[in-house]
Structure formats: C-alpha cells, structure tokens
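**Student:** Following the numbering used here, the numbering of the sequence shown begins with 18 at its first residue and continues without gaps. The beta-carbon is built from N, C-alpha and C at its ideal position, and this holds for glycine as well. Please read these numbers as outputs of a predicted model, since none were measured by experiment. So that we are looking at the same thing, I have put the structure below in structure tokens.
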Amino acid sequence: MDVNENSPTDNDRPAGRLTGRLTGRLTDRVVIVTGAGQGVGEGIARRLASEGAAVVIAARRAETGEPVAAAIRDEGGEAVCIVTDVTTRASVEGCVASTVHRYGRLDVLVHNAFAGGVASRLEATPPDAWFQMSYTSAWGSFWCAQAARPHLTASDQGRLILLTSPSGFEGSANIPLYSPAKAAQRAMAKSLAREWGADGITVNCIAPVAETPALAGAFEQVPTLRGAIEARTPLGRIGDPTTDIGGVALFLASADSAYVSGQTIVCDGGSFLGL
C-alpha cells in the first residue's frame, strides 16, 4: 500500500485521538476503572466508553474524576464518577454496589489506581512508602477482586484487568518498593485466573509505559529523560494512554480475548524486549 508523504504515521498521531472505525465491541457492558481521573486510567476509560461501555470513573477525588466522566458524556458516551478509595474495603464495595444498583450488572473491572512515590535508594526509603504502595496495588487488587467476583460470575463475559508494570518482572533501580508491589499483582492475576476460569472469568494484567502526569513531572525535573526513554524504545515514542494502552484494555475487556487468561501484556513499544 502506498503511503502519501503527508499522511500521519503512528509516531505523529496526536495523543489521545481515536482513529479508525469504532465498532461498539462493548455495547451493553458495564465497566469500572479505578484511578480513572487522569493518565492511563483516564485513557482506558475513554477508550472503553468509545466502544459502547457504560463506564464508572472510580476516582479518589471528585474534582479529578467528574471532568473525565463529563468529557465522555460530551462525546456521546455513558459515564458517571463514583468517589472511591481503593485502600478501603468498604469504599470499594460501595463503588461496586452503586454500579450494580445503577446499571444492573458489572462485566469488567479495571484496577489501575496506584499511589506512586519518589525514586530513592532502599536505605533512604521510608517504611510508609511501602504501606502506601502495597495498599493501592496489592490490597486494592484484593478488595476489587473480592467485591467484583459475584458480579463477574453472573456476567457472560466477566473480566478482571490489573495494571502492573514492566518493573514487576525484573525490578528497577531506585524504586525498590514499586517493583515488588507490581509483581504481587501479576502473581494475584495468575492465581485468580486458575480459580475463576471455571466460571468463565478471565484475569489478566497490562504492563504499560505511557504518557502520564507523573511522567510529565519527571520530564520537567530531568529534561533529558524523554529522549533517553524514546531512544531505548524501538518504536521511538512513549505510549498514549487512550490509543495504545486503551487499545490493549479494549482487547482484554472484549470477547476477542475469551481464551486469554493469567497473562501480562507488556505494552511498552519494545522497551523491555527481554520480558
């Protein structure tokens, strides 16, 4: 196929812009996305809503979650914001209960929420940092899985998707707590995939490298960081939360992934080819 020299390539694609035909692959499906007030969570929520899903923006603060829900509604989608603290069992259970009360079902839960920390060597890392990370990642995954389980079983297409990281495979220097917190989610996904498979529920992880507010802040602090990341990435760019990561989430949430479970899809442009 000939490509006009003025045609946009994937590398030139505007961030967050959905291209191509939207097929309604999630019509009549109900999805909860935690941490959807910004970054990867927002991108996933917008992508799934664009394919017909009713999306619950589970955000810790209404001031971040409601604008995302409003933007989805402005684009013709269905979305509401439910303030949710994934570190608290009662809050997660309340979010799931409110979702089912409003829509009558829950088909997909995407746990993306995560409380990041400042990069530091182990000896300089305060103990509270471990509690903060493990509460949102490991404990948050646990609360979400428990609360969603009966409703995913009732669905004919139950899906649990956990957002982990390439660092959860092999570790990364100066983030000694982040890596094990993310590795815990991979292990949980594999265990639940074995437990829940008989009920037709798939459980998978996405390990993304994507443009986020946190990464933007890091770029401001270290101006050479963006170039370094892009240089080590075979595709030459950093992932877009909506079109790149959201596309993988769409696959895992849809019927197309019915025979995929217990897996972690690394969505990083080839940065970690050894994984």
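In three-state terms, what does DSSP make of Thr-181?
**Tutor:** Three-state DSSP puts Thr-181 in coil, outside helix and strand.
**Student:** From what residue to what residue does the alpha helix (DSSP H) around Pro-1 run?
**Tutor:** In the structure as shown, the chain starts at 18 and stops at 292, and residue 1 therefore has no counterpart that could be examined.
**Student:** What did DSSP end up calling Gly-234 once you bin it into helix, strand or coil?
**Tutor:** Three-state DSSP puts Gly-234 in a helix.
**Student:** With burial defined as no fewer than 16 other Cβ atoms inside 10 Å of the residue's Cβ, what is the status of Arg-38: buried or exposed?
**Tutor:** Bear in mind that a pLDDT of 41 at Arg-38, under 50, signals an unreliable position, so the model cannot answer this.
**Student:** Would you mind reading off the limits of the alpha helix (DSSP H) that contains Ile-61?
**Tutor:** From DSSP, the alpha helix (DSSP H) with Ile-61 extends over 56-67.
**Student:** In chain order, which alpha helix (DSSP H) runs of at least 4 residues are fully inside the region 41-121?
**Tutor:** Whole alpha helix (DSSP H) segments, 4+ residues: 56-67, 79-91, 106-120.
**Student:** Under 7 Å, do Ser-151 and Leu-179 count as touching if we go by C-beta distance?
**Tutor:** No, the pair does not count as a contact, with Cβ atoms beyond the cut-off.
**Student:** Can you tell me which of the three DSSP states Val-125 falls into?
**Tutor:** Strand.
**Student:** Taking the alpha-carbon of Pro-143 as reference, which of Leu-177, Pro-193, Gly-217 has the nearest alpha-carbon?
**Tutor:** Ranking Leu-177, Pro-193, Gly-217 by Cα distance to Pro-143 puts Pro-193 first.
**Student:** Taking 7 Å as the cut-off, decide whether the C-beta atoms of Pro-258 and Gly-60 are in contact.
**Tutor:** A contact, by the Cβ cut-off of 7 Å.
**Student:** Take the Cβ of His-118 as the centre, count every other Cβ of all protein chains shown within 10 Å, and call the residue buried at 16 or more, exposed below.
**Tutor:** Exposed, by the Cβ-count rule.
**Student:** Rounded to the nearest angstrom, what separates Ala-233 and Ala-107 at their Cα positions?
**Tutor:** Rounded to whole angstroms, Ala-233 to Ala-107 spans 33 Å at the Cα level.
**Student:** Can you tell which of Tyr-195, His-128, Leu-123 has the C-alpha that lies nearest to the C-alpha of Arg-77?
**Tutor:** Nearest option by C-alpha distance: His-128.
**Student:** For the alpha helix (DSSP H) that Val-265 lies in, which residues bound it at each end?
**Tutor:** Element bounds for Val-265: 263-270.
**Student:** Could you please give the first and the last residue of the uninterrupted beta strand (DSSP E) stretch that includes Thr-281?
**Tutor:** Start and end: 281-284.
**Student:** Go to Pro-167, then tell me how far its alpha helix (DSSP H) extends in each direction, as first and last residue.
**Tutor:** From DSSP, the alpha helix (DSSP H) with Pro-167 extends over 157-171.
**Student:** Go ahead and pull the three-state DSSP assignment for Ala-227.
**Tutor:** It is a strand residue.
**Student:** What is the DSSP secondary structure of Gly-214, reduced to helix, strand or coil?
**Tutor:** It is helical.
**Student:** Just curious, the alpha helix (DSSP H) that Ser-144 is in, first and last residue?
**Tutor:** Checking the displayed sequence, the identity of residue 144 turns out to be Pro instead of Ser. Unbroken alpha helix (DSSP H) run through Pro-144: 144-151.
**Student:** Rounded to whole angstroms, how far is the Cβ of Val-47 from the Cβ of Ala-71, which I believe are closer than 8 Å?
**Tutor:** Sure, about 5 Å apart at Cβ, within 8 Å.
**Student:** Which of the three DSSP states is assigned to Thr-36 in this structure?
**Tutor:** At Thr-36 the pLDDT is 43, less than 50, meaning the model places this residue with poor confidence and gives no usable figure here.
**Student:** So which of Gly-54, Val-50, Gly-175, Phe-148 has the shortest CA-CA distance to Pro-230?
**Tutor:** Among Gly-54, Val-50, Gly-175, Phe-148, the Cα nearest to that of Pro-230 is on Gly-54.
**Student:** Could you give the DSSP three-state label for Ile-259: helix, strand or coil?
**Tutor:** One detail in the question is off: residue 259 reads as Thr in this sequence, not Ile. DSSP places Thr-259 in helix when its eight states are reduced to three.
**Student:** Smallest Cα separation from Arg-42: which of Ala-270, Val-277, Ser-278?
**Tutor:** Among Ala-270, Val-277, Ser-278, the Cα nearest to that of Arg-42 is on Ala-270.
**Student:** In the structure shown, what three-state DSSP assignment does Gly-287 receive?
**Tutor:** Correct three-state label for Gly-287: coil.
**Student:** Per DSSP, what kind of secondary structure is Arg-297 in: helix, strand or coil?
**Tutor:** With the chain covering 18 to 292 only, the question about residue 297 has no answer from this structure.
**Student:** On the DSSP bridge list, what partners appear for Val-220?
**Tutor:** BP columns for Val-220 point to Leu-177.
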